[in-house]
């Protein structure tokens, strides 16, 4: 059924209020049930054996001693997870990532797994599995992986997007290019050109809750999976395909989620848990350790890039070129392509070219992380923008404003822009008191901009009215950031009832139609749209029931402020009927009252943000502290401002960690050196200032309320904002993220930019 | 007749053409006609394609009407985190 999702500018009664989230009490009192909190009678403990090698041929695996250990109920290898016929290539790669097939492709790649009666027995069984490895040459650095003499990880991988097609396989999976105009002509017009190279290291989403699931495959082949995930329906589809099951026979229930940020859009150990359960004929709980999460789930790309920007003396950006090399981990991805699609979005540049390379390496398979690929590209472009502004003597905010993308202009990735907020966020930054606050010694201020697309997708919701008039809204998008409260507000707004009269539940896959994952900042955007239409569908039913109760034509009944109202002078003596009145009579007027909606929620509006950051550098240690931070972002319409602000703050906090400390560190042996939170340093509350926020509301024309996704864009600007602040604080320009104390100290000791040329001034 | 432009891997799938002319009134018609004409595009469809009509990006809805004078741009399908 087609729905009109156009923005209507309707007036709101409860949208925009700061009501209490329904999951709050459970989460602060420890009642909330996460991935590891489910149990079934007779359940076993699952554990996975992982490769200690960065790259190795698996010559043989002997599981006989492990199988013979008392208490061991199943041991699985790739032989127990055969590739079903017709399995799509990307799903086959996910399966190979879950369990190595003939070769271990990175340190931590699963090679076998056991299910035993307890953890001690499972661990002992892992020690009894004998794997005969033949170590192979490895490569973990993205630039090294692109060299002609690099060890080729997949003999089937030929670079796509190049002409002529290569004759030999390589680690370069694809080359992509986006852009406009003629960059050579553009640079010829430039008075000032800045050309710089940057590197960023891989980071992890760092969700507090590790991957965890409880798998239960029954003897009849049906099964269930309790799991921490951003998308139970997608997990169901993927796992069923991998195990050769009928989709309808696998019920997946999402637990509460202790953070995902993209890392729980992809299956990791879940197919292994299901295979163990199938083989053992018992439920199997499998919880990854933190070490496993780092080594064998999906971090970001490590990147290297060359950025070149040119401007005329009046501050007009006339040309831009970016060549960005993104590591995909052990299997090809699209992360380099995404960098191309995001890097220049903030600006109107007549001549620009973005070239992206996706490169495989002996590292874990890269997964999405909040606005995937955009923060690294923004680090390069926004750092160069500041240098360019300085070179032509312009204020960095005014320089960005002069070149900001605008409605009706053409984006660098192709389409024209609709109503967008980049200019408004920059004006808000320019006028913000933060920009005028005094700074102390060794302190500096920086700012940067960011962009993310946002997405919609397949969505489905049920709305049921109880006989007491309370309302249950059932949605299929996992609540990762407070969406249950937002969706409850939407149902209350449409029905004209108090928020407290609505309960929002997250469905399992047996209870609702397919829903895409909570990713791409789509949860409130798309389930909100489905909730609006489901509520309006319910109102039609309520009008019909009221008409029956009054015995008047339904055309004479309207729904106003939560009540059925009989219209017309003939019905002047009829007192309005509330939702509760109608619900109470529902058993005799047609039975249960419900509304339903299935929608492809397209029309997600793009999102822009501008951030301001103050930092202080300790020149003796190179340690950097963020002392003030402000996020300005366009939300379209903030349904629940608390959770919009929370998303702004969360993204900024993660970006600060990425900028200053977080990185995957590999040894020469290709093994990850810091697979734990002691050595992989994420910011904690005491590391951060209060992160101030400013919500702008530029309605998205593709949503009835004007909603834009808000979950991701806030992680895009911090890397560059901090780099720019650092440059302003101590006069060194950092080109390598994280800007950790040793790197800053080295840069300070090298006395600034000794190894880099000055800006070319024509 | 629509003038359809493409970028990135989608452009490669259209044999590198900057733009192609297609007669279509909905996204479904547009994609079907391009898949008939370009085998590589049919493969790209499986990987995922989004269609921007006057700047609004559609990833999944194939029933969207395309006005005769619309700006139509084909893009790779975008995931999220």
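Protein chains in written order, with the working numbering: chain A, 1 to 762; chain B, 1001 to 1081. Note that the Cβ used here is the ideal one computed from N, Cα and C, for glycine as well.
7 Å Cβ cut-off: residues of chain A touching residue i
i                       : result
residue 1079 of chain B : 368, 372, 519 and 520
residue 1052 of chain B : 414 and 415
residue 1021 of chain B : What residue 1021 of chain B touches in chain A: nothing, since even the nearest Cβ is about 17 Å away.
Contacts of residue i in chain B (Cβ-Cβ under 8 Å)
i                      : result
residue 413 of chain A : 1007, 1008 and 1075
residue 340 of chain A : 1008
residue 337 of chain A : 1008, 1009 and 1076
residue 174 of chain A : 1009
residue 602 of chain A : 1056, 1057, 1058, 1059, 1060, 1061 and 1064
Three-state secondary structure (DSSP) of residue i
i                       : result
residue 64 of chain A   : helix
residue 335 of chain A  : helix
residue 394 of chain A  : coil
residue 197 of chain A  : strand
residue 29 of chain A   : helix
residue 626 of chain A  : strand
residue 346 of chain A  : coil
residue 666 of chain A  : strand
residue 505 of chain A  : strand
residue 1019 of chain B : strand
residue 656 of chain A  : helix
residue 47 of chain A   : strand
residue 614 of chain A  : strand
residue 695 of chain A  : strand
residue 12 of chain A   : coil
residue 743 of chain A  : helix
residue 525 of chain A  : helix
residue 371 of chain A  : coil
residue 712 of chain A  : coil
residue 272 of chain A  : helix
Nearest residue (CA-CA) to residue i, options the options
i                      : options                       : result
residue 18 of chain A  : A:46, A:376, A:602 and A:638  : A:638
residue 359 of chain A : A:49, A:148 and A:721         : A:148
residue 107 of chain A : A:670, A:263, A:324 and A:736 : A:670
residue 207 of chain A : A:105, A:302, A:481 and A:200 : A:481
residue 560 of chain A : A:548, A:572, A:571 and A:576 : A:576
residue 355 of chain A : A:336, A:641, A:16 and A:362  : A:336
residue 691 of chain A : A:629, A:705, A:661 and A:744 : A:629
residue 668 of chain A : A:45, A:53, A:2 and A:29      : A:53
residue 530 of chain A : A:85, A:599, A:222 and A:743  : A:599
Close Cβ partners of residue i (< 6 Å) along its chain, the five nearest in sequence each way excluded
i                      : result
residue 20 of chain A  : none
residue 160 of chain A : 174
residue 762 of chain A : Residue placement at residue 762 of chain A is poorly supported in this model, since its pLDDT is 37, which falls under 50; the coordinates still yield a value, given next. Within the same chain, residue 762 of chain A has close Cβ partners 191.
residue 712 of chain A : 370, 371, 452 and 521
residue 153 of chain A : 171 and 360
Same chain, Cβ closer than 7 Å to residue i, neighbours up to 5 away in sequence not counted
i                      : result
residue 534 of chain A : 461, 462, 463, 595, 596 and 597
residue 185 of chain A : 351
residue 686 of chain A : none
residue 422 of chain A : 346, 404, 405, 449 and 608
C-beta contact flag for residue i and residue j at 8 Å
i                       : j                       : result
residue 495 of chain A  : residue 539 of chain A  : yes
residue 177 of chain A  : residue 308 of chain A  : no
residue 459 of chain A  : residue 251 of chain A  : no
residue 381 of chain A  : residue 319 of chain A  : no
residue 664 of chain A  : residue 202 of chain A  : yes
residue 110 of chain A  : residue 100 of chain A  : yes
residue 295 of chain A  : residue 672 of chain A  : yes
residue 443 of chain A  : residue 116 of chain A  : no
residue 215 of chain A  : residue 277 of chain A  : yes
residue 567 of chain A  : residue 581 of chain A  : no
residue 1003 of chain B : residue 1019 of chain B : yes
residue 303 of chain A  : residue 200 of chain A  : yes
residue 375 of chain A  : residue 715 of chain A  : yes
Per-residue contacts from residue i into chain B (C-beta, under 7 Å)
i                      : result
residue 161 of chain A : 1009 and 1012
residue 2 of chain A   : 1063
Chain A contact residues for residue i, given Cβ-Cβ distances below 8 Å
i                       : result
residue 1043 of chain B : None at all; the shortest Cβ gap to chain A is about 10 Å.
residue 1029 of chain B : Under the 8 Å cutoff, chain A gives no residues; its nearest Cβ is about 16 Å from residue 1029 of chain B.
Beta-carbon contacts of residue i that lie in its chain and below 8 Å, excluding the five residues immediately before and after
i                       : result
residue 585 of chain A  : 545 and 549
residue 603 of chain A  : 5, 456, 700, 701, 702 and 703
residue 1075 of chain B : 1006, 1007, 1008, 1010, 1049, 1050, 1051, 1052 and 1057
Contact list for residue i against chain B, beta-carbon separation under 9 Å
i                      : result
residue 261 of chain A : 1081
Under 9 Å by beta carbon: chain A residues contacting residue i
i                       : result
residue 1018 of chain B : Within 9 Å Cβ-Cβ: nothing; residue 1018 of chain B doesn't reach chain A, min ~11 Å.
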